[in-house]
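Notes follow once the structure below has been shown.
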Amino acid sequence: KKHKKSGMRAMIEQLETIGVIGAGQMGSGIAQVSAAAGYDVVIADISLEAAQAGLDRLKTQMQKAVDAGRMQSGDRDAIVARISVAGGMDGLSGCDLVIEAASENEAVKRKIFVELCPVLKPEALIASNTSSISITRLAAATDRPERFMGIHFMNPVPRMKLVELVRGIATADEVFDLARAYVDRLGKTSTVSEDFPAFIVNRILLPMINEAIYTLYEGVGS
539 KKHKKSGMRA MIEQLETIGV IGAGQMGSGI AQVSAAAGYD VVIADISLEA
589 AQAGLDRLKT QMQKAVDAGR MQSGDRDAIV ARISVAGGMD GLSGCDLVIE
639 AASENEAVKR KIFVELCPVL KPEALIASNT SSISITRLAA ATDRPERFMG
689 IHFMNPVPRM KLVELVRGIA TADEVFDLAR AYVDRLGKTS TVSEDFPAFI
739 VNRILLPMIN EAIYTLYEGV GS
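Letter 181 of the sequence shown, counting from 1, is numbered 719 in my numbering, and no numbers are missing.
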């Protein structure tokens, strides 16, 4: 006899619509790769005009890729057809997973989550694209810390294959599985980080940048 699937597991299997908060370079990149993988996508920003401007920039970038022979026009059209825009949080009410890609400021992100949670359906999942801020602290600003985690994309999103997955202290196993399956469907490679400052990539990158500066300063190279 088959057991009835849990609500969380059923939600994972029914993931269809991705919300992206922030229409800047990271947000529009996440929207592009999600739409290219067959998801419906809603880009939300502080106003409808800001969200539309982000989509317009994305269209321009993809047209350049088509002109350069790096993208087929049919693929571009399919991506655009799957993306819609919204001003504010209300347009994200139907999303199954919402990824926050706002500026790297904890206060800004926490304010976004406080405003976002009331409009979401109860089973919806939330992720942050933060590159360094504690996932556990951000999750505390939501009403669903067990459905919250970090999904950190690299810039530029369409070209960079690596994605960091970061659990918070309360992140449910099913949510982590969802995030990994989502990243796999995008054709990306995931790595798992504990919830420590800067995670893996930035913890390695920043000392390397500092050493490069010292190398130039000391005259080792030019």
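Cβ coordinates follow ideal geometry from the N, Cα and C atoms, glycine included.
First through last residue of the beta strand (DSSP E) which encompasses residue i
i      : result
Ala574 : Not the beta strand (DSSP E): Ala574 falls in the alpha helix (DSSP H), residues Gln563 to Ala574.
Met600 : Unbroken run through Met600 is the alpha helix (DSSP H), Leu586 to Asp605; no beta strand (DSSP E).
Ser731 : Thr727 to Ser731
Thr555 : Thr555 to Ile559
Glu702 : Leu700 to Arg705
Of the listed residues the options, nearest to residue i (C-alpha basis)
i      : options                           : result
Arg595 : Val618, Gln610 and Gly626         : Val618
Leu676 : Pro696, Glu642 and Glu702         : Glu642
Thr680 : Ala662, Ala569 and Arg697         : Ala662
Glu554 : Cys655, Ala574, Gly565 and Leu700 : Ala574
Gly592 : Asn748, Ala624 and Val657         : Ala624
Ile621 : Glu749, Asp628, Ile671 and Lys597 : Lys597
Asp634 : Val713, Asp733, Tyr752 and Met746 : Val713
Environment of residue i [buried if 16+ CB atoms lie within 10 Å]
i      : result
Asp615 : exposed
Lys543 : Interpretation of Lys543 is limited by its pLDDT of 49, a score under 50 that renders its predicted location unreliable; the figure taken from the coordinates is listed afterwards. The residue in question, Lys543, is exposed, as its Cβ has fewer than 16 Cβ neighbours within 10 Å.
Lys539 : Only weak support is given to the placement of Lys539: the predicted model assigns it a pLDDT of 38, under 50, and the value that follows is read from those uncertain coordinates. Exposed, because fewer than 16 other Cβ atoms sit within 10 Å of the Cβ of Lys539.
His541 : Any reading at His541 is ruled out, since the residue's pLDDT is 46, under 50, leaving its predicted position unreliable.
Gln570 : buried
Expected contact under 8 Å - CB spacing of residue i and residue j to nearest Å
i      : j      : result
Phe691 : Gly567 : 7 Å
Ile581 : Gly565 : 6 Å
Run of the alpha helix (DSSP H) containing residue i, from where it starts to where it stops
i      : result
Val721 : Asp711 to Arg723
Given 8 Å, three or more beta-carbon pairs between the region 744–760 and the region 605–622: Segments in contact, no.
At least three beta-carbon pairs within less than 8 Å, the region 723–732 to the region 563–583: Counting Cβ pairs under 8 Å, three or more are found: they touch.
Segment contact, 8 Å Cβ cut-off, at least three pairs: the region 688–701 with the region 644–658: Result no; under three Cβ-Cβ pairs closer than 8 Å.
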